Amino acid sequence: MNQEEKKKPKYNVVSNAVFTFKKLWEWDKLILFYILGKMPIIVLLPLCGVYLPKIIVGEIENGANARQMIYSVLSIAIAMFILTILQRFIQEKTSLHTLEVTKKMEQTISSKAMAIHYEKMDRPHTQVMIKKAYDIAHGGENEGIQALLILFITIFANGLGFGVYTGILGTLNPLIIVFIILTTIVSYFVSKAVNTWVFRNRDKWLKLDLKLVYLTYKSSSFETAKDIRLYNMKKWFYGAFHKFMNRRIKWTVKMQLFYFLNNVVEAIMVLLRDGLAYGYLIYLVWKGSISVSDFVLYFGIISGFASWCSAIITSLAKVNQISLNVCDFREYLELEEYELEQASEKMILDKGQPCRIKLEGVSYRYESEDKATLKNINLSINAGEKIAVVGANGAGKTTFVKLICGLYTPTTGKISVEGYDLAKVNKSTYYEYLAPVFQDIRLLPISIKQNITLCAEHEVDEPHLLKCFKLSGMDKVIKKFPGGFDTLLIRDMNEKAVQLSGGEEQKLMLARALYKDAPIMILDEPTAALDPIAENAMYLKYNELTAHKTSIFISHRLASTRFCDRIILIENGEIIEMGTHDELLALGRKYANMFEVQAKYYKEQEEREQDEYIS
């Protein structure tokens, strides 16, 4: 048995019920009162339904007049009508407030996702946990977090009904009660076993669900529409859909088989229970031990008693299932957050001054890998120094950047900024001093200006914004659009939005970093999507872009690194060379060899850039 199959819930049912009550009280107090309001109706409505035919038959047997019979029937019918109206009203209100709870849960899940430590978010297991949390949020009254309290109220109400019906059946024959209870208990344990199997295995099909959601999104996304058509990627998407859907269907078939067996066992128990009980009633009528009106009453009571028992058992089994869902939700909410509230240190620095950064014996190993991605990195970056980090794909450059950004925590070693240990400071305060530009660009469905400033309109520093537009080259981009820097982005969300090119998006991200005006600037392949002219223009402006800042420049393009004070060459997770562009060329080792290979393809451009740089 593997680890997933041995998985056991972290919290018990009572603990989850208390948690649920507190959360519902926090999110929407009224839903609790509506849930409680269901209880008397659950008991009284079926009881009226059982007594109505008995009263009718009894009145006929006793020779009651029409007025008396109508009065008796109307009394119960009116009571049933009122109870039914109340039941519908409470159900409508519960459904309405369930939507409010769902909205609050979605906000809670999103807020948590934005606060989780990036290192945790980078793991597939966390993505599965988020998927489960959203499934619970959308579960409503049947599968959602509020279902746990609804089930407890249902069990309590069914327990009252069970007690009332037990008292009535006890006057007939106590053995019938025992038999009905025993058959119901068998159904309960079978149902519980099925729910336990589902809990232990659902992570396996949730991973497949995530893959299918990804394929659905990518196959219908505007971003991938060109490639799908021009490279005939439909076959690949169809194949991937078919592959993962078949695996998902196999799990669905297994689950449905377990549910089918559960239903078969329950049907057999119902057949035995009702067959014996109704047979006994017929026998008593045949012997003359009970009247016809009593037969009608006991017939309804036995049916109702069996329903109470089944409802209790079904609810208990369901409680176990929903409690497991609540466990998943609570474990998600307990994931570590980058805020690190327990951290006592808050980073307080002068934003106008560049920062010193020091890495001491830093190594990093991803949780899913055996080997370290970075190994024993020792590096001191002086305040205001311009560092370039180069290396082949997979060398560890991106991991290096994420460690500097505080997104990852070193497996061993220490990273300090102006003497502050990043492992001990509140990350929110540190992020104020960082202005990174990453390769993977994610824009928001708001205006160009808002995407850059990320603040309210009245807080925008217009002169500073215009300066950043000019430095980044965005001033030329916005001239194409009638709306200027108020032009909306992301067509999926805004019909009037525009679609920026890859190079234009990189300019926007550079403008965002410049507007933040933080003392540490990190540029991860910032020119990858730029055309040669725009790329060259950025190199010429590099000193101006990074003035009074400590900058780290990641690039595959070795010709661009000569603008930096020092170059770090990483290979297999280790620093193998360090120095200026000219010093590393003079060494004639790995960097010089890489530069020579690139020079064959970029020689003419390199010479042109060097002439412009010298002049």
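Using UniProt numbering, you'd call the opening residue of the sequence shown number 1 and step up by one each time.
Even for Gly, the Cβ is constructed at its ideal location relative to N, Cα and C.
None of these values were measured; they are calculated from a predicted model.
For this session: Return helix, strand or coil for A513, following the three-state DSSP convention.
Result: The residue you call residue 513 lines up with position 513 of the sequence shown. Helix.
Exercise. Considering only C-alpha positions, which residue in the set Q107, I348 and Y188 is nearest to L261?
Worked result: Translated into the one-based positions of the sequence shown, residue 261 becomes position 261. For the residues Q107, I348 and Y188, the minimum Cα distance to L261 belongs to Y188.
Exercise. Who are the near neighbours of I478 in its chain, counting only those whose CB is closer than 8 Å to its CB and skipping five residues on each side?
Worked result: Within the sequence shown, numbered from 1, the residue matching residue 478 stands at position 478. Same-chain partners within the cutoff: I448, F469, G484, F485 and T487.
For this session: Would you list the one or two residues that DSSP bridges to T409?
Result: Locating residue 409 in the sequence shown gives position 409, where the first residue counts as 1. BP columns for T409 are empty, so no partner.
For this session: Provide the residue span of the alpha helix (DSSP H) that contains residue 676, from first to last.
Result: This structure does not reach residue 676, given that the chain is present from 1 up to 615, and the question cannot be answered.
For this session: Could you tell me the distance, in whole angstroms, from the CA atom of N263 to the CA atom of I153?
Result: Along the sequence shown, one-based indexing puts residue 263 at 263. Along the sequence shown, one-based indexing puts residue 153 at 153. Cα to Cα, the separation comes out at about 25 Å.
Exercise. Taking the runs of the beta strand (DSSP E) that are 3 residues or longer, which of them lie wholly in the segment 395-483?
Worked result: The segment 395-483 is shown to contain whole beta strand (DSSP E) runs of 3 or more residues at 412-417 and 434-437, in chain order.
Exercise. Residue ranges of each alpha helix (DSSP H) run of no fewer than 4 residues wholly in the segment 555-607, ordered along the chain?
Worked result: Counting only unbroken stretches of 4 or more residues, the alpha helix (DSSP H) elements lying wholly within the segment 555-607 are 581-587, in sequence order.
Exercise. Going straight from the alpha carbon of L215 to that of F241, what length do you get?
Worked result: Locating residue 215 in the sequence shown gives position 215, counting from the first residue. Locating residue 241 in the sequence shown gives position 241, counting from the first residue. When rounded, the distance between both Cα atoms is 7 Å.
Problem set entry | Alpha-carbon to alpha-carbon, L52 and V285 | Position 285 of the sequence shown, counted from the start, is the residue given in the question as residue 285. Position 52 of the sequence shown, counted from the start, is the residue given in the question as residue 52. Roughly 20 Å between the two C-alpha positions.
Exercise. Taking three-plus beta-carbon pairs below 8 Å as touching, is the segment 36-50 in contact with the segment 100-120?
Worked result: no
Problem set entry | For V437 and N543, the rounded distance between their alpha carbons | Within the sequence shown, numbered from 1, the residue matching residue 543 stands at position 543. Within the sequence shown, numbered from 1, the residue matching residue 437 stands at position 437. One C-alpha to the other measures close to 16 Å.
For this session: Select from E334, I155 and L569 the residue whose C-alpha is nearest the C-alpha of residue 621.
Result: Here the chain comprises residues numbered 1 to 615, so residue 621 is not present and cannot be evaluated.
For this session: Quick one: give me the first and last residue of the alpha helix (DSSP H) that A66 is part of.
Result: To locate residue 66, count along the sequence shown from 1; it is residue 66. A66 -> alpha helix (DSSP H) spans A66 to A115.
For this session: Can you say whether A395 is buried or exposed, counting buried as having 16 or more other CB atoms within 10 angstroms of its CB?
Result: Walking along the sequence shown from the start, residue 395 turns up at place 395. The residue in question, A395, is buried, as its Cβ has 16 or more Cβ neighbours within 10 Å.
Exercise. Counting pairs of Cβ atoms below 8 Å between the segment 562-581 and the segment 375-386, do you hit three or more?
Worked result: yes
Problem set entry | Euclidean distance between Cα positions of V417 and L24 | Counting from 1 along the sequence shown, the entry for residue 417 is found at position 417. Counting from 1 along the sequence shown, the entry for residue 24 is found at position 24. Their Cα atoms are separated by approximately 43 Å.
Exercise. When you compare only the Cα positions, how much space is there between T546 and S221?
Worked result: Counting from one through the sequence shown, the residue named residue 546 turns up at place 546. Counting from one through the sequence shown, the residue named residue 221 turns up at place 221. Cα-Cα distance, rounded: 36 Å.
Exercise. Do L169 and I31 have their CB atoms nearer than 8 Å?
Worked result: One-based indexing of the sequence shown puts residue 169 at position 169. One-based indexing of the sequence shown puts residue 31 at position 31. No, they are not a contact pair.
Exercise. So what does DSSP say about M245, is it helix, strand or coil?
Worked result: The residue labelled residue 245 in the question sits at position 245 within the sequence shown. In the structure shown, M245 sits in a helix (DSSP, three-state: H, G or I).
For this session: Quick one: residues in its chain with C-beta nearer than 8 Å to the C-beta of R248, no 5 flanking neighbours on either side, listed in chain order?
Result: For the purposes of this step, residue 248 is taken as residue 248 along the sequence shown, with counting starting at 1. Cβ-Cβ distances below 8 Å link R248 to W205, L208, D209 and L212 in the same chain, with the five nearest sequence neighbours on each side left out; the list follows chain order.
For this session: Say whether the segment 193-201 touches the segment 318-327, bearing in mind that this needs 3 or more beta-carbon pairs closer than 8 Å, one atom from each stretch.
Result: Yes: the two stretches touch, three or more of their Cβ pairs being nearer than 8 Å.
Problem set entry | Span of the beta strand (DSSP E), counted from its first residue to its last, around G361 | Translated into positions along the sequence shown, residue 361 becomes position 361. First-last of the beta strand (DSSP E) with G361: I357 to Y364.
Problem set entry | Where the alpha helix (DSSP H) through S307 begins and ends | Mapped onto the sequence shown, residue 307 falls at position 307. Taken as a continuous stretch (DSSP letters only), the alpha helix (DSSP H) holding S307 covers V292 to L333.
For this session: Taking only heavy atoms of the ligand PLP into account, decide whether any of them is closer than 7 Å to the Cβ of Y408.
Result: The model on display carries no ligand, and the ligand PLP is accordingly not part of it.
Exercise. Which residue's Cα is closest to the Cα of L523: T166, I554 and L83?
Worked result: One-based indexing of the sequence shown puts residue 523 at position 523. Selected option, being the one with the closest Cα: I554.
Problem set entry | Endpoints, the alpha helix (DSSP H) within which V498 is located | Working through the sequence shown from its first residue, we reach residue 498 at position 498. Note, V498: premise wrong, no alpha helix (DSSP H); not H, not E.
Exercise. Does DSSP classify D524 as helix, strand or coil?
Worked result: Counted from its first residue, the sequence shown places residue 524 at position 524. Strand at D524.
Exercise. Buried or exposed: which applies to N593, given that a residue is buried once 16 or more other Cβ atoms fall within 10 Å of its Cβ?
Worked result: Here residue 593 refers to the residue found at position 593 of the sequence shown. Exposed.
Exercise. Does the Cβ of P410 have 16 or more other Cβ atoms within 10 Å, making it buried, or fewer, making it exposed?
Worked result: Position 410 of the sequence shown holds residue 410. By the C-beta density criterion, P410 is buried, having at least 16 other C-beta atoms within 10 angstroms.
For this session: Express the C-alpha separation of E596 and H556 in angstroms, rounding to a whole number.
Result: To locate residue 556, count along the sequence shown from 1; it is residue 556. To locate residue 596, count along the sequence shown from 1; it is residue 596. The alpha-carbon atoms of H556 and E596 are separated by roughly 13 Å.
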